[in-house]
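Asks: Attaching a single structure in structure tokens format; questions to follow.
Numbering (the working numbering), first residue to last: 1391 to 1555.
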């Protein structure tokens, strides 16, 4: 019944999915307010890509360290564009938000897709999303190097939503 924070990307260091999971895991108030859904990688098979393997190992470690079961879902990447579109709409129905925590993003198609569906969008301040989003108007800039601040921005947003949906 809680809103959902959602992200979808390749599972590599630049996309910083594990960074988002860590920010979420560390912030008790954020965990009270929302659940987290990550669509990344392919959990059904072992990756041949060394970077993806390292990120998967890190993700499993974060799930264990922060005891995220029950508040967090990790779904394997989807190649079906229609299904991906439906994911955005389902998250929108929960009164959730999209988070794009990349260290750097050249353009940010997922940012545009999320905004098109009406999802509140929090995206990296490094690269294309910084030009797409007007902070506080059409979305929110987050600094991937300051995850605690990004988590607090999400907390503030969802606390305001509880008062004024």
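A virtual CB, placed ideally from N, CA and C, is assigned to each residue, including glycine.
Keep in mind that this is a model prediction, so the values were computed, not measured.
Where does residue 1612 land, buried or exposed, given buried means 16+ other C-beta within 10 angstroms?
Replies: Outside the shown range of the chain (1391 to 1555) lies residue 1612, about which nothing can therefore be said.
Asks: Can you give me the Cβ contacts of residue 1502 inside the same chain, cut-off strictly under 7 angstroms, excluding the 5 residues immediately before and after it?
Replies: Within the chain shown, residue 1502 is the residue found at index 112, counting from 1. Only 1522 meet the Cβ criterion.
Asks: With a floor of 4 residues, list each alpha helix (DSSP H) that falls wholly inside the region 1429 to 1455, ordered by position along the chain.
Replies: 1440 to 1455
Asks: Determine the direct distance from the alpha carbon of residue 1551 to that of residue 1403, and round the result to whole angstroms.
Replies: As a first step, residue 1403 is located in the chain shown; it is residue number 13 there, counting from the start. As a first step, residue 1551 is located in the chain shown; it is residue number 161 there, counting from the start. Cα to Cα, residue 1403 sits roughly 31 angstroms from residue 1551.
Asks: State yes or no: is the C-beta of residue 1423 within less than 8 angstroms of the C-beta of residue 1457?
Replies: As a working note, residue 1423 is residue 33 in the chain shown. As a working note, residue 1457 is residue 67 in the chain shown. No, they are not a contact pair.
Asks: Do you know offhand how far residue 1498's Cα is from residue 1505's?
Replies: Looking up residue 1498 in the chain shown gives position 108. Looking up residue 1505 in the chain shown gives position 115. Each residue's alpha carbon lies about 11 angstroms from the other.
Asks: At least one CB of chain C closer than 8 angstroms to the CB of residue 1538: is that the case?
Replies: As a matter of chain content, chain C is missing from the structure shown, which is built from one protein chain.
Asks: Give me the residue from 1485, 1535 and 1400 with the minimum Cα distance to residue 1549.
Replies: The count along the chain shown starts at 1 and reaches residue 1549 at position 159. The option with the nearest alpha carbon to residue 1549 is 1485.
Asks: Kindly indicate which residue of 1536, 1540 and 1535 has the alpha-carbon position closest to the one of residue 1529.
Replies: Translated into the one-based positions of the chain shown, residue 1529 becomes position 139. Looking at the Cα atoms, 1540 is the closest of the given residues.
Asks: Which term fits residue 1408, buried or exposed, when burial requires 16 or more other beta carbons within 10 angstroms of its beta carbon?
Replies: As a position in the chain shown, residue 1408 is number 18, starting the count at 1. By the neighbour-count definition (other C-beta atoms within 10 Å, threshold 16), residue 1408 is a buried residue.
Asks: Using the three-state DSSP reduction, which class does residue 1403 fall into: helix, strand or coil?
Replies: As a working note, residue 1403 is residue 13 in the chain shown. Coil.
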